Structure formats: structure tokens, C-alpha cells
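Numbering (full-length UniProt numbering), first residue to last: 1 to 334.
Quick reminder that beta carbons are idealized off the backbone N, C-alpha and C, glycines included.
Bear in mind the structure is a predicted one, so any value in this text is a computation, not a measurement.
Before any comments, here is the structure.
Structure (C-alpha cells):
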């Protein structure tokens, strides 16, 4: 990184973006290999999920229409029902495969980028792609615990929000006050909570790699780190997700729905969108690692580069996690 540890705390949204871009550009050969090996398959999987899900849902809608039009007790009804069961079975199997593959690729991509950016921060000149691939399998188990806890927290948040909405609508009866309250109060509160949990989760992923913490412990550590930098981290998260959403929308509208022209233009557009998605994901992973260092600098918990280097080197041998105090310097006096 170009900034000294004590200067990182002053970086805002643009500064963090610029720092992440410098890291990716300065080590482009390493990150191109990481993107090709991990981020590209993740992007292909995401787009394939959108396209295949659209095709399966179209088939399900067609079979549901045929079932509704069939005479009760007829052979047509039985055939349509069998096709519908088969369609839903195929969809659920595909969805299960997708979620497992998505989790694995997301974990591996996160581990590779976080480890690489942290290694660059320690000013080590021996960061080889082969070494990164050696480290990743040793890190992803720690990340998986944090990912699963974040998933459970998001599931609890969504369930509580749905239950609250149902309660408000039932209590409101035929009155219009219920929907208005849901739109003006519950939905904004849900969005704020969703952004907060997502920011904590992404920073906890970095903590899981660079510190001796995982799961709820990493989430709690992340909550403490973002204090004072929550607005900056939230703006960064929202902007990156808007970019991600725009790429997804373009893929759905221009290619999945068939508005991209003939085979030639569609292929070119698909490759362009795939490249954009890879860049967004890679950039987002680098940014969240920079945010981690910025938050530590803000709290005057600058990491000792030599101790961090030792912590990262531990992944290359028989992994023995260091204690947090081994990785972190004592708080600096202001």
C-alpha cells in the first residue's frame, strides 16, 4: 500500500477505492490469475444460475398452465402433473448444487484475495500465485464458519421482518394504515439492518483470515472495528452492490430475455458482462480488505507488518493460529 498505517484512517470512500485499485493494478499479473482460477468460475456460475433458473421457471409456468387447462381426471392432467413434479425436482436439485458451488467458490475467492492483499501490505516480494493456491485450502474452513453464522443471522433478520409485516397487515385488517406503516417504517428499517449486517459480515470475513477469530467471534470483532467508520463502509457496500445489481440487470434484460440481438452480438455482450462481473467481484474483495486496515488504523490498532507476515506464513506450514495479540500491535498513543 502507498499509505502509511497511521494515514489509512483518513481515507474516505474515494480514497479506499483508489487504494484498492492501486493494489490490483500494481499486482495485476497475480490478480489476473486469481480472477481466472476462482473469480471467473464464480461469475460464470452466477450467470448460469440466472439463465438456467429462467428456463426452468418458464417450463414450470408452461406445465402449470397445461395442468390448469386439462380436464380433471384425464390423461392430460396426469401427464402435466408428472411433468410439473419432475420440473420442480430438477429445479430444487439445481438450486442445491448452485448454493453449494457458490459457497465453495465464494470462500476460495475471498480467501485468495484477502491473503494476497494482506501479503502485499506486509511488503513481501514473494507473493506467487502457486503460494496463494497453497494457502487457500487452509483458510476456507475458517471462512465457512463465519459465512454460515452470517447466513443464520440474515435468515433470522428476514424471518423476523416477514413475521412483523404479517402481524402489521393482520392487525390493520381492511385499513390502509397497515401497508402504509409497512412501507414507511418497516421496509426502511429492514434495509438499514440488512446493510449493517452485510457490512459486518464482509469485514468479519477479512478478520477470519487475518486474526485468530471466526464465526460469532469474528462478527463481534468486526462490529467493534467499524465503529466510527460505519457510514464510510456502508456507502462503499451500497455502491458496490449497485454496480453488481446493474451488471445482473443488464444480463437478465439483454441476454436472458433475448433483447441482445443475434448470436454474435449476444456472445460479445455476454463476454463483456462476464468481464465486468469479474472486475466488480475482484474489486469488492480487495476493497473490503483495505477497509479492514483502514478501520484498524482509525482505532490506532495498526498491524505490525512482521507479525502479520508470520501469521500469513503460518498458513504455508502446519497451521497454528496466532493469538490476536500476536498479530496486532498494542494500541498506539494518539
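Which residues mark the beginning and the end of the alpha helix (DSSP H) in which residue i is found?
{"i": "residue 200", "result": "187-210"}
{"i": "residue 229", "result": "It is not in any alpha helix (DSSP H) - residue 229 carries neither H nor E in the DSSP assignment."}
{"i": "residue 49", "result": "40-69"}
Hey, residue i and residue j: beta-carbon distance below 8 Å or not?
{"i": "residue 364", "j": "residue 52", "result": "This structure cannot speak to residue 364, because the chain is shown only from 1 to 334."}
{"i": "residue 67", "j": "residue 87", "result": "no"}
{"i": "residue 240", "j": "residue 286", "result": "no"}
{"i": "residue 143", "j": "residue 110", "result": "yes"}
{"i": "residue 45", "j": "residue 101", "result": "yes"}
{"i": "residue 8", "j": "residue 294", "result": "yes"}
{"i": "residue 129", "j": "residue 33", "result": "yes"}
{"i": "residue 112", "j": "residue 38", "result": "yes"}
{"i": "residue 282", "j": "residue 47", "result": "no"}
How close, in whole Å, do the beta carbons of residue i and residue j come, if the pair is a contact with beta carbons under 8 Å?
{"i": "residue 215", "j": "residue 149", "result": "5 Å"}
{"i": "residue 105", "j": "residue 42", "result": "4 Å"}
{"i": "residue 16", "j": "residue 291", "result": "6 Å"}
{"i": "residue 238", "j": "residue 192", "result": "Their Cβ separation, rounded to whole angstroms, is 11 Å, which puts residue 238 and residue 192 out of contact at 8 Å."}
{"i": "residue 13", "j": "residue 235", "result": "5 Å"}
What is the DSSP secondary structure of residue i, reduced to helix, strand or coil?
{"i": "residue 17", "result": "helix"}
{"i": "residue 122", "result": "coil"}
{"i": "residue 89", "result": "helix"}
{"i": "residue 27", "result": "coil"}
{"i": "residue 73", "result": "coil"}
{"i": "residue 215", "result": "helix"}
{"i": "residue 328", "result": "Residue confidence for residue 328 is low, a pLDDT of 46 falling below 50, so the modelled location carries little weight; the figure read from the coordinates is stated next. Correct three-state label for residue 328: strand."}
{"i": "residue 271", "result": "helix"}
{"i": "residue 245", "result": "helix"}
{"i": "residue 254", "result": "helix"}
{"i": "residue 7", "result": "helix"}
{"i": "residue 12", "result": "coil"}
{"i": "residue 322", "result": "Since pLDDT at residue 322 reaches only 41, below the 50 mark, its modelled position is unreliable, and no value is offered."}
{"i": "residue 128", "result": "coil"}
With a cut-off of 8 Å, does the C-beta of residue i fall near any C-beta of chain E?
{"i": "residue 12", "result": "Structure shown: chain E not included; a single protein chain is present."}
Which word fits residue i, buried or exposed, when buried means at least 16 other C-beta atoms lie within 10 angstroms of its C-beta?
{"i": "residue 207", "result": "buried"}
{"i": "residue 119", "result": "buried"}
{"i": "residue 257", "result": "exposed"}
{"i": "residue 99", "result": "exposed"}
{"i": "residue 253", "result": "exposed"}
{"i": "residue 25", "result": "exposed"}
{"i": "residue 75", "result": "exposed"}
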